[in-house]
Amino acid sequence: MQTVNRRYTFRLYPNKAQTSKLFEARRLHCYLYNAAISHRKTEYQYFSNSVSYFQQQNALPAFKEC
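Just so we're aligned, residue 197 is where the sequence shown starts under our numbering, counting upward by one.
Below you can see the structure in the form of structure tokens.
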């Protein structure tokens, strides 16, 4: 049986308030991503210990509370 994958693209036209919220969410996501990479690099450089994705995922709720 052959499956058909379809993709839909929706164009957003946010107002100024929505634009600022989207920008803030993107900025925070970028900060979190860079912090996770930095954590992995420093942990390996100084302690020769690799940090897995699941370890970082489990630490995320405590990070959100700060």
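Cβ coordinates follow ideal geometry from the N, Cα and C atoms, glycine included. Source: prediction; values computed, not measured.
Is it the case that the Cβ atoms of residue i and residue j are separated by a distance below 9 Å?
i           : j           : result
residue 240 : residue 246 : yes
residue 228 : residue 250 : no
residue 192 : residue 236 : Outside the shown range of the chain (197 to 262) lies residue 192, about which nothing can therefore be said.
Which residue marks the beginning of the alpha helix (DSSP H) containing residue i, and which one marks its end?
i           : result
residue 262 : Per DSSP, residue 262 belongs to no alpha helix (DSSP H) and is neither H nor E.
residue 230 : 212-243
Within its chain, find whatever has a CB closer than 7 Å to the CB of residue i; leave out the 5 residues flanking it on each side and keep chain order.
i           : result
residue 218 : 210
Could you pull out every residue in the same chain whose Cβ sits closer than 6 Å to the Cβ of residue i, ignoring the five residues on either side in sequence?
i           : result
residue 232 : 252
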